[in-house]
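Have a look at the structure below, then the notes.
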Amino acid sequence: MPLLEPKPDSLRPGSARAAAADRVPDRGASGTPERLRAELTALLGPEKVRWKVSDLVKYASDASPYRFVPQVVVLPETTEDISAIMGYARSHGRDLVFRAAGTSLNGQAQGEDILVDVRRHFTGVQVLDDGARARVRPGTTVMRANATLARYGRVLGPDPASAIACTVGGVVANNASGMTAGTTRNSYRTLVSLTFVLPSGTVVDTAAPDADEELARTEPDLCAGLLALKAEIEADAALTDRIRAKYEIKNTNGYRLDAFLDGTTPVEILRGLMVGSQGTFGFISDVVFDTLPLDRRVTSGLLFFPSLTAAAAAVPLFNEAGALAVELMDGNTLRASVSVRGVPADWAGMPRETAALLVEFRAPDEAGQEAYERAAADVLERLSLVAPVPSVTNEFTRDAKVISGYWKARKAFVTAVGGSRPAGTTLITEDFAVPPSRLADACEALLRLQAGHGFDAAVAGHAAHGNLHFLLAFDASKAADVDRYAAFMDDFCRMTVERFDGSLKAEHATGRNIAPFLELEWGPRATDLMWRTKQLVDPDGVLAPRIVLDRDPRAHLRGLKTIPGIEAVADPCIECGFCEPTCPSHDLTTTPRQRIVLRREMMRQPDGSPVEEQLLASYGYDAVDTCAGDSTCRIACPVGIDTGAMMKDFRHQRHSPREERIAALTARRFKAVEASARLAVGAADRIADRLLTAATGLARKAVRPDLVPEWLPEIPGAAARAVPRTTKTDARAVYYPACVNRIFGGAGSDDTPSLQQAVVDVSARAGKPVWIPDDVAGTCCSTIWHSKGYEDANTVMANRVVEAAWAWTDGGRLPLVVDASSCTLGIADEVVPYLTEANRELHRHLTVVDSVVWAAEELLPGLTIRRTARSAVLHPTCSMQHLGDVGQLREVAEAVADEVVVPDDAGCCAFAGDRGMLHKELTASATEKEAAEVTSRAYDAHLSANRMCEIGMDRATGRSYHSVLIELDRATRP
1 MPLLEPKPDS LRPGSARAAA ADRVPDRGAS GTPERLRAEL TALLGPEKVR
51 WKVSDLVKYA SDASPYRFVP QVVVLPETTE DISAIMGYAR SHGRDLVFRA
101 AGTSLNGQAQ GEDILVDVRR HFTGVQVLDD GARARVRPGT TVMRANATLA
151 RYGRVLGPDP ASAIACTVGG VVANNASGMT AGTTRNSYRT LVSLTFVLPS
201 GTVVDTAAPD ADEELARTEP DLCAGLLALK AEIEADAALT DRIRAKYEIK
251 NTNGYRLDAF LDGTTPVEIL RGLMVGSQGT FGFISDVVFD TLPLDRRVTS
301 GLLFFPSLTA AAAAVPLFNE AGALAVELMD GNTLRASVSV RGVPADWAGM
351 PRETAALLVE FRAPDEAGQE AYERAAADVL ERLSLVAPVP SVTNEFTRDA
401 KVISGYWKAR KAFVTAVGGS RPAGTTLITE DFAVPPSRLA DACEALLRLQ
451 AGHGFDAAVA GHAAHGNLHF LLAFDASKAA DVDRYAAFMD DFCRMTVERF
501 DGSLKAEHAT GRNIAPFLEL EWGPRATDLM WRTKQLVDPD GVLAPRIVLD
551 RDPRAHLRGL KTIPGIEAVA DPCIECGFCE PTCPSHDLTT TPRQRIVLRR
601 EMMRQPDGSP VEEQLLASYG YDAVDTCAGD STCRIACPVG IDTGAMMKDF
651 RHQRHSPREE RIAALTARRF KAVEASARLA VGAADRIADR LLTAATGLAR
701 KAVRPDLVPE WLPEIPGAAA RAVPRTTKTD ARAVYYPACV NRIFGGAGSD
751 DTPSLQQAVV DVSARAGKPV WIPDDVAGTC CSTIWHSKGY EDANTVMANR
801 VVEAAWAWTD GGRLPLVVDA SSCTLGIADE VVPYLTEANR ELHRHLTVVD
851 SVVWAAEELL PGLTIRRTAR SAVLHPTCSM QHLGDVGQLR EVAEAVADEV
901 VVPDDAGCCA FAGDRGMLHK ELTASATEKE AAEVTSRAYD AHLSANRMCE
951 IGMDRATGRS YHSVLIELDR ATRP
């Protein structure tokens with residue numbers, strides 16, 4: 001063991017804990033049973049089998065209120081692997097569940113035996129017919145698919161609110177729709193073909209010319225059975241009429257029986273049945289969609305009403321006017337949304353009885369947009385709107401930023417309201433549909449029902465389609481609360497079916513929590529047909545037992561998860577998974593959600609239990625060490641949970657007092673540290689990379705991998721000791737070269753100016769000269785220590801740099817321009833909690849400007865572009881995402897290059913200062929997809945705006961990245 005390896009005990013929860021009823025029992029500490037692990041490892045290989053108890057626990061939770069711990073997790077890479085796993089399950093009497101994003105709200109992505117993760121290795125988008133169609137693999141998120149299609153002016157039909165995280169496989173398997181899809185733009189209606197693996201292992205490509213002939217050869221009984229069921233349904237006129245009527249409104253409860261009416265051959269029937277089958281009929285390996293036009297002319301309005309019923313009554317008027325989306329939000333939803341960044345703070349004072357409609361029109365051109373706006377204005381004249389708080393305008397707008405804010409509030413319904421629920425409560429998200437003409441009545445009935453059962457619920461929904469969503473919070477550890485929920489569900493289901501002839505699941509699919517009520521909605525005849533279809537397609541019951549079909553009337557109450565309290569920063573988490581695609585470590589170790597899930601399991605365990613010991617043993621590397629600390633999870637999370645901050649705090653907890661003292665000493669003596677580091681880099685530049693890698697490797701083994709960086713060949717030589725000469729006279733800004741740019745040199749040739757010289761020169765050229773203070777050496781944005789959890793050192797440097805900046809800028813008279821985006825973020829935002837009260841007051845007067853923003857907003861107007869690169873690819877850093885200046889990066893790049901590309905898979909590189917040197921596997925994993933895009937073609941320039949991120953991308957791509965400011969200097973040089 002390395003000399004300074006931290007002890008797992010340092011992360012042990014400190015409070016005395018009793019064993020929770022739903023904890024992983026002691027016998028689960030060893031993880032997957034040895035025989036099952038050995039057999040699957042022999043079948044698939046060790047790299048495709050996850051067996052530690054920490055692996056099982058992190059997959060046990062999803063966005064639903066349920067929690068089931070699998071026996072093993074497998075990560076297949078091919079359809080052959082899928083077939084092999086199914087064959088193993090059949091021959092060994094086991095069952096399996098497919099999981100991709102884990103954003104399902106009803107437990108469809110959870111299993112108690114073999115859990116199959118199909119997100120990681122089944123991604124990709126292939127554009128067909130110039131965008132008219134697209135082939136998408138199941139692990140691809142909807143947002144990622146749409147990013148590619150946007151270049152062709154196209155978009156997928158389904159548009160669920162979880163598009164940032166949910167995958168296409170899950171969308172098709174649940175027939176999820178969203179804000180605009182309704183019953184005409186969902187997967188069932190826009191799907192052209194799909195390829196899937198049946199439980200028998202047979203692979204079916206519905207687009208193949210001989211698909212039916214081949215299926216008849218390999219699965220004759222299945223083909224005969226499907227055609228027999230079709231004939232039986234079509235012979236029953238009343239049943240046929242009932243099936244057609246059930247899909248006039250949104251409905252994802254049970255199987256798509258209309259597939260028997262719409263399909264004429266077994267393959268066509270199966271193609272329809274797979275949509276909405278929730279993983280119970282087979283594995284969907286790829287899907288071809290008809291895409292839809294991406295109408296870019298958008299007009300939206302957020303309109304406020306005195307009551308929910310008044311808002312519901314206005315919905316038909318906007319439908320008639322041609323609105324593509326009409327979204328409903330009640331007062332509780334509006335009030336909870338203030339936790340979402342950008343939502344007006346005065347919404348917190350919104351009366352509870354208030355409701356709002358978010359109405360959106362989309363048109364392909366100006367004439368169409370104007371026509372919609374006239375229709376919207378006519379509707380407004382007929383409404384009695386209210387303005388309960390000052391920020392309300394009740395107007396339609398074309399402003400993209402305002403519209404984005406409206407949708408951010410709407411899409412955060414589950415997480416924002418769920419995040420504000422009482423601590424320790426489980427969140428239930430229900431979803432139903434009624435005929436749109438009955439929406440107002442359904443709202444009134446739902447509110448009375450909620451009040452009658454003691455639930456203070458929130459209501460929102462796709463009002464244009466009669467689709468309502470509501471949330472219930474209760475404590476699953478209390479039997480009385482579970483009984484209250486059960487009584488509510490009985491009454492709610494009867495109300496929806498018997499009073500409104502509605503669908504109990506409009507778009508979230510049956511899952512586990514509506515399975516007991518399937519027959520209530522569909523009746524015994526149709527329900528029996530569903531059971532027979534399942535038996536026909538999956539005779540061995542291998543796939544997803546107890547999902548969709550379950551004869552246990554209390555099945556929806558089994559496996560409800562408790563929510564034990566954890567660290568305050570993460571306690572509101574509802575485990576929705578929106579954070580996962582943005583996390584740099586999501587394909588390496590754990591995601592933010594999984595870090596929280598593992599912590600909650602520790603809190604369920606009694607102190608010192610075997611399971612807790614195993615979880616702690618893995619948590620240090622899997623959760624803490626391989627967190628990049630970039631906090632992009634906070635951006636993706638609708639309520640701003642910063643799991644990165646929790647990991648930094650855990651790093652602090654693992655430090656010994658001696659380590660903290662040494663770190664504080666480096667901060668106090670940073671001028672000497674900086675000079676020594678520059679000398680060391682300069683000396684290393686003259687030593688062979690192989691020797692340096694070997695030396696640092698030995699040191700890492702002897703001391704600790706998380707303390708000693710590994711030398712990488714991509715590390716550049718030293719920066720010049722002296723900064724460029726400048727004068728404060730007539731300076732328009734103070735230029736603060738980040739310490740990383742004072743230590744490391746650039747990547748260019750000898751005649752390429754340093755970044756510091758480029759910023760000075762281009763600023764002067766634009767008539768906005770900058771001044772570099774003589775005493776910048778020894779100061780730092782403090783991120784070095786902040787990212788590692790060294791609080792004392794962080795406090796020392798945070799206060800030093802703010803005091804210095806105050807003096808340099810004449811008390812805030814001049815802006816402070818910073819040439820590394822992470823350092824801009826550090827000085828502008830991250831230092832604040834560590835400042836003294838006096839220095840917080842000084843900080844309030846500072847204007848901290850990233851150099852990219854300085855270039856875009858202050859320099860470009862005064863510059864003449866004399867030469868451009870033919871093409872440039874950008875790497876927007878995670879700090880830019882936090883600062884909101886990715887647009888300025890693109891603006892500068894478009895000024896200096898004829899073609900500018902931001903890779904669809906661009907994300908945090910995870911180099912994170914020196915974390916990419918401490919754990920190079922983290923950067924390799926985080927950049928894999930982006931690097932593949934970058935290296936798929938040639939670019940004349942590879943641009944970013946943070947030196948360490950540029951080094952990380954150099955390593956990932958084998959290309960040479962440099963600052964966009966250097967490129968701007970080159971483009972404008974006389």
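In our numbering, the protein residues as written are 1 to 974. Every residue, glycine too, gets a C-beta built ideally from N, C-alpha and C.
Per DSSP, cross-strand counterpart(s) of residue i
i, result
"residue 460", "329, 469"
"residue 117", "99"
"residue 293", "154"
"residue 426", "474"
"residue 284", "196"
"residue 205", "195"
"residue 358", "302, 327"
"residue 141", "167"
"residue 735", "817"
"residue 314", "Paired residue(s): none; residue 314 is not in a bridge."
"residue 178", "159"
Alpha carbon of residue i to alpha carbon of residue j, nearest angstrom
i, j, result
"residue 957", "residue 486", "55 Å"
"residue 366", "residue 401", "19 Å"
"residue 634", "residue 165", "14 Å"
"residue 236", "residue 436", "28 Å"
"residue 115", "residue 97", "5 Å"
"residue 700", "residue 579", "Confidence at residue 700 is low in this model, with a pLDDT of 47, below 50, so its placement is unreliable and the value that follows should be read with caution. Taking the straight line from one Cα to the other gives about 31 Å."
"residue 132", "residue 185", "14 Å"
"residue 154", "residue 147", "9 Å"
"residue 3", "residue 970", "Note on residue 3: pLDDT 44, under 50, position unreliable in the model; no value is reported."
"residue 576", "residue 593", "8 Å"
"residue 13", "residue 414", "29 Å"
"residue 670", "residue 292", "57 Å"
"residue 652", "residue 790", "6 Å"
"residue 832", "residue 840", "7 Å"
"residue 600", "residue 564", "6 Å"
"residue 999", "residue 467", "Look at the range of the chain in this structure, 1 to 974, and you will see that residue 999 is not part of it."
"residue 963", "residue 509", "48 Å"
"residue 267", "residue 512", "28 Å"
"residue 117", "residue 562", "24 Å"
Cβ distance (whole Å) where residue i is taken to contact residue j below 8 Å
i, j, result
"residue 41", "residue 71", "That pair is no contact at about 14 Å."
"residue 299", "residue 376", "7 Å"
"residue 779", "residue 822", "So it is not a contact: roughly 15 Å between Cβ atoms."
"residue 81", "residue 44", "6 Å"
Contacts around residue i, its chain only, beta-carbon distance under 6 Å, and the 5 residues preceding and following it disregarded
i, result
"residue 605", "23, 611, 612"
"residue 623", "590, 595"
"residue 631", "642, 644"
"residue 309", "440, 443, 444"
"residue 7", "none"
"residue 882", "825"
"residue 169", "100, 138, 284"
Same chain, Cβ closer than 7 Å to residue i, neighbours up to 5 away in sequence not counted
i, result
"residue 388", "304, 350, 351, 354"
"residue 939", "871, 872, 873"
Counting beta carbon pairs with one atom in the segment 450-459 and one in the segment 503-514, are three or more of them shorter than 8 Å? With the cut-off at 8 Å, the segment 503-514 and the segment 450-459 do not touch.
- Task: Would you check if there are 3 or more beta carbon pairs closer than 8 Å linking the segment 215-225 to the segment 546-558?
- Result: They do not touch, by the three-pair rule.
Using 8 Å as the cut-off, can you tell me whether the segment 865-877 makes contact with the segment 769-776, which would need three or more C-beta pairs spanning the two stretches below that distance? When Cβ pairs closer than 8 Å are counted between the two stretches, the segment 865-877 is seen not to touch the segment 769-776, the count staying below three.
| With a cut-off of 8 Å, do at least 3 Cβ pairs link the segment 255-262 to the segment 323-332? | Output reads no: the segment 323-332 does not touch the segment 255-262.
- the segment 655-662 contacting the segment 922-941, beta-carbon criterion three pairs below 8 Å: With a cut-off of 8 Å, the segment 922-941 and the segment 655-662 do not count as touching, because too few Cβ pairs lie within range.
Is there contact here, the segment 560-572 with the segment 535-552, by at least three beta-carbon pairs under 8 Å? No, they do not touch.
Cβ contact (3+ pairs, closer than 8 Å) linking the segment 487-498 and the segment 247-258:
These segments do not touch.
- Query: Does the segment 315-323 touch the segment 393-413, meaning 3 or more C-beta pairs lie closer than 8 Å?
  - Reply: A contact is defined here as three or more CB-CB pairs under 8 Å, and the segment 393-413 fails this definition with respect to the segment 315-323.
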